[in-house]
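J.: So the sequence shown is numbered by numbering that gives the first Met the number 0: it starts at 0 and just counts up by one. To start, I am sharing the structure in question, which I have written as structure tokens.
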Amino acid sequence: MLNEWIFDIQIWYAFLSNKKKRRIVFEFEHLVVSTVSSKETELDIENQNTYLHKPSEYIPSSHSINEYILYWYKFHPIQFCSCFTINRNRMSFLARTFSQFITRSGTTASTLLTKPHNVSALALRLSSTQQSGNEQKKYDYLLVDVKGKDSNIALVQLNRPKALNALCDGLMKELSSVLESLDRDEKIGCIVLTGSTRAFAAGADIREMQNNTLPQVVGGGFLDQWSAVSKIKKPIIAAVNGFALGGGCELSMMCDIIYAGEEAEFGQPEIIIGTIPGAGGTQRLPRYVGKSKAMEMVLTGNRIKAKEAYQIGLVSAVFPANQLVDEAIKTAEKIASHSRIVVQLAKEAVNAAFETTLAEGNRFEKRLFHTTFGLADRKEGMTAFIEKRKPNFTGQ
Numbered sequence: 000m001l002n003e004w005i006f007d008i009q010i011w012y013a014f015l016s017n018k019k020k021r022r023i024v025f026e027f028e029h030l031v032v033s034t035v036s037s038k039e040t041e042l043d044i045e046n047q048n049t050y051l052h053k054p055s056e057y058i059p060s061s062h063s064i065n066e067y068i069l070y071w072y073k074f075h076p077i078q079f080c081s082c083f084t085i086n087r088n089r090m091s092f093l094a095r096t097f098s099q100f101i102t103r104s105g106t107t108a109s110t111l112l113t114k115p116h117n118v119s120a121l122a123l124r125l126s127s128t129q130q131s132g133n134e135q136k137k138y139d140y141l142l143v144d145v146k147g148k149d150s151n152i153a154l155v156q157l158n159r160p161k162a163l164n165a166l167c168d169g170l171m172k173e174l175s176s177v178l179e180s181l182d183r184d185e186k187i188g189c190i191v192l193t194g195s196t197r198a199f200a201a202g203a204d205i206r207e208m209q210n211n212t213l214p215q216v217v218g219g220g221f222l223d224q225w226s227a228v229s230k231i232k233k234p235i236i237a238a239v240n241g242f243a244l245g246g247g248c249e250l251s252m253m254c255d256i257i258y259a260g261e262e263a264e265f266g267q268p269e270i271i272i273g274t275i276p277g278a279g280g281t282q283r284l285p286r287y288v289g290k291s292k293a294m295e296m297v298l299t300g301n302r303i304k305a306k307e308a309y310q311i312g313l314v315s316a317v318f319p320a321n322q323l324v325d326e327a328i329k330t331a332e333k334i335a336s337h338s339r340i341v342v343q344l345a346k347e348a349v350n351a352a353f354e355t356t357l358a359e360g361n362r363f364e365k366r367l368f369h370t371t372f373g374l375a376d377r378k379e380g381m382t383a384f385i386e387k388r389k390p391n392f393t394g395q
């Protein structure tokens with residue numbers, strides 16, 4: 000006999016992973032949870048029953064099971080999310096659903112593939128992940144997600160909350176690696192980099208640096224990982240809430256666009272601890288705000304609020320904290336809707352203005368402008384404009 004408990008469960012949303020995503024709301028009438036070992040059970044799928052089977056036999060290699068994965072009758076995957084609570088301590092279980100639901104096309108199916116888990120009176124999240132070339136991974140210091148209606152925006156969140164996202168060497172190595180991977184991912188058109196509500200990044204990790212010696216920092220390549228951020232070809236939008244101080248301010252300035260929450264604070268306070276900015280603060284800040292204001296901030300260590308940062312040109316826009324990331328994603332989606340290769344050329348041209356004289360910059364810009372005439376996307380863009388239609392860019 001199976002030792003079973005029945006739970007009501009509401010699946011709040013689901014979408015088919017095909018070209019036309021359709022939002023569906025449906026409900027499982029009950030869920031059967033058993034403490035019995037994972038003995039295989041097969042029922043007749045043609046008769047619209049559920050079955051439990053070895054996942055590897057039916058799931059394509061491009062998919063992985065996080066906790067549960069629900070499959071249609073013809074094995075088209077559905078991604079879905081729900082949370083429910085099982086008030087039973089230390090329960091190792093397998094789950095099967097006996098409910099059925101009907102798609103708009105009339106197909107009936109209800110198949111749940113599972114694997115064992117241990118739970119202890121906690122909420123469980125049901126989800127499946129279809130992995131691309133940039134597979135979802137767990138990181139020590141980052142949270143990485145894909146956003147946007149076309150799933151082409153990467154959201155990278157600094158995740159070291161107890162240290163206010165202090166930028167330790169491990170975090171920066173991880174960030175550099177993730178950004179380089181996203182730069183190679185053809186599905187991603189723009190990147191949003193953010194932190195927490197309290198801090199984008201409160202600075203470099205002082206405890207990590209405290210006992211470093213001159214030979215260590217010179218010979219060990221201290222801060223070398225930081226330069227990788229500014230070498231990413233795809234546009235990066237910094238969405239800054241809370242503190243962006245020292246290395247945090249420098250990291251935001253390595254990005255291409257800076258948006259700030261209303262309570263954000265920026266500063267280069269290194270002078271207070273007996274050192275100077277070491278990741279571009281003395282070089283990028285004057286280019287953003289001018290020599291006088293940059294000198295004031297660096298020599299005094301004073302911070303500035305988001306409103307002033309906007310007024311002096313350090314940030315592009317200021318939003319309420321709870322809207323900041325969404326606004327950054329909106330801008331990222333707009334950028335990602337354009338030709339990828341032309342966006343990268345435009346970014347390269349603007350960045351050249353910080354490195355060259357005006358005459359050299361103009362020559363460089365003209366060369367890149369001429370280059371676009373060898374692109375299919377340039378022709379498509381101009382043709383679509385004349386024909387009064389939306390362009391179909393291919394990145395060629």
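Here a beta-carbon is modelled for each residue, glycine too, at the ideal position from N, C-alpha and C. Remember, it's a predicted structure, so these values are computed and weren't measured experimentally.
1) Give the range of the beta strand (DSSP E) segment to which G266 is assigned.
2) Quick one, are the C-beta atoms of Q343 and K232 less than 8 Å apart?
3) In this structure, does DSSP put D184 in helix, strand or coil?
4) Could you tell me the boundaries of the beta strand (DSSP E) in which G260 lies?
5) Specify, as a first and last residue, the run of the alpha helix (DSSP H) that I272 falls within.
6) Just the C-alpha distance for A358 and F368, rounded to the nearest angstrom, thanks.
7) Could you tell me the boundaries of the beta strand (DSSP E) in which Q156 lies?
8) Which word fits T212, buried or exposed, when buried means at least 16 other C-beta atoms lie within 10 angstroms of its C-beta?
9) One question on the structure: do C248 and G273 come within less than 8 Å of each other, judged by their Cβ atoms?
10) Does the region 252-262 come within contact of the region 236-243, defined as at least 3 CB pairs closer than 8 Å?
11) Candidates V317, N361, L141 and K146: which alpha carbon is nearest K333's?
12) With burial defined as no fewer than 16 other Cβ atoms inside 10 Å of the residue's Cβ, what is the status of F199: buried or exposed?
13) Taking C-alpha atoms, which residue in C167, A165, K148 and S195 lies nearest to Q156?
14) Report the option in E173, I257 and V191 whose CA atom is closest to the CA atom of S397.
15) Report the rounded CA-to-CA distance for T128 versus N361, giving the unit in angstroms.
16) Let me confirm a value: E347 is counted as buried when at least 16 other C-beta atoms fall within 10 Å, else exposed. Which label applies?
17) In three-state DSSP terms, what is V314?
18) Kindly provide the ranges of any beta strand (DSSP E) runs that are 3 or more residues long and lie completely inside the region 290-378, ordered along the chain.
19) Under 8 Å, do V317 and Y309 count as touching if we go by C-beta distance?
20) Return the chain-ordered list of same chain residues with a C-beta closer than 6 Å to the C-beta of I275, the five sequence neighbours on each side being excluded.
21) Within its chain, find whatever has a CB closer than 6 Å to the CB of G260; leave out the 5 residues flanking it on each side and keep chain order.
22) Classify C434 as helix, strand or coil using the three-state DSSP reduction.
23) Beta-carbon separation of T355 and F363 under 8 Å?
24) Starting from V228 and walking both ways along the beta strand (DSSP E), at which residues does that stretch end?
25) To which residues of the same chain is I257 closer than 7 Å at the C-beta, ignoring the five residues directly before and after it?
26) What's the call for N210, buried or exposed, on a 16-neighbour Cβ count within 10 Å?
27) Checking the sheet assignment: what are the DSSP bridge partners for A198?
28) Exposed or buried, R206, counting other C-beta atoms within 10 Å across all chains shown (16 or more means buried)?
29) Thinking just about the alpha-carbon of each residue, which of N158, F384, R388 and Q395 is nearest to the one in T371?
30) Between the Cα of R197 and those of P214, F242 and A278, spot the shortest distance and give me the residue it belongs to.
31) Taking the beta carbon of S291 as the centre, do at least 16 other beta carbons fall within 10 Å, making it buried, or is it exposed?
32) Among the residues of its own chain, which have a CB less than 6 Å from the CB of C167, if the five just before and after it don't count?
33) Alpha carbons only, please: which of S338, E386 and K329 is nearest the one belonging to F375?
T.: Short version:
1) E264 to G266
2) yes
3) coil
4) I256 to G260
5) Run containing I272: none; DSSP gives neither H nor E here.
6) 15 Å
7) I152 to L157
8) exposed
9) no
10) yes
11) K146
12) buried
13) S195
14) Nothing can be reported for residue 397: it is not among the residues displayed for the chain, which extend from 0 to 395.
15) Residue placement at T128 is poorly supported in this model, since its pLDDT is 35, which falls under 50; the coordinates still yield a value, given next. Looking at the two C-alpha atoms, the distance is approximately 46 Å.
16) exposed
17) coil
18) 302-304 and 316-318
19) yes
20) E269
21) N240, A320 and L323
22) Lying before the first or after the last residue shown, residue 434 is absent from the chain, which here runs from 0 to 395.
23) yes
24) First-last for V228: undefined, no H or E at that position.
25) A237, V239, S251, L313, V314 and S315
26) exposed
27) G241 and F242
28) exposed
29) Q395
30) F242
31) exposed
32) D204 and E207
33) In the sequence as displayed, the identity of residue 375 is Ala instead of Phe. Comparing Cα-Cα distances from A375 to each of S338, E386 and K329, the minimum goes to S338.
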